[in-house]
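Comments concern the structure below.
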């Protein structure tokens, strides 16, 4: 796959995560979405549901990882790619490592809590037994705008 084709595939898959982010926003959660693909096919998708479930661990990545593990019948997620609209936090980065997800594609960075290079870099930690490939900046402006607009309406 050439670079342009690969970028187009990443952008299309990030679109699925963005759809999940919009669904999360519709029920009052911070608009963050995640999608997991295997062999180019969607396996699991989720948006944030912390408010909906009253659960501090109901991040989009965690919910998508749980659904993908259930679909595959095991906790390891080989040959998968996780697309997420916002850089994962430490909890989600830890789950990504534990699930052995080979590739993580990130929309917008999170300079306040990001654990894929912004504040911490759990995904590249050499002491851990798994380090996924990380691709950043896919549809970054669109992902960042969703968050910016969400918070501006709540602060305004």
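Numbering (this note's numbering), first residue to last: 19 to 174.
Yeah, the Cβ is synthetic: ideal placement off N, Cα and C, and Gly gets one too.
Note that the structure is predicted; figures quoted are calculated from it, not measured.
- When the Cα atoms are used, residue 135 and residue 151 turn out to be separated by approximately 12 Å.
- Residue pairing from DSSP leaves residue 136 without any beta-bridge partner.
- Along the segment 36 to 63, the beta strand (DSSP E) occurs as fully enclosed runs of 3 or more residues at 51 to 56, listed in sequence order.
- Note that the C-beta distance between residue 67 and residue 47 is below 8 Å.
- When C-alpha distances from residue 132 are compared across 156, 121, 104, the shortest belongs to 104.
- Cβ neighbours of residue 87 within its own chain (closer than 6 Å, five residues either side excluded): 93.
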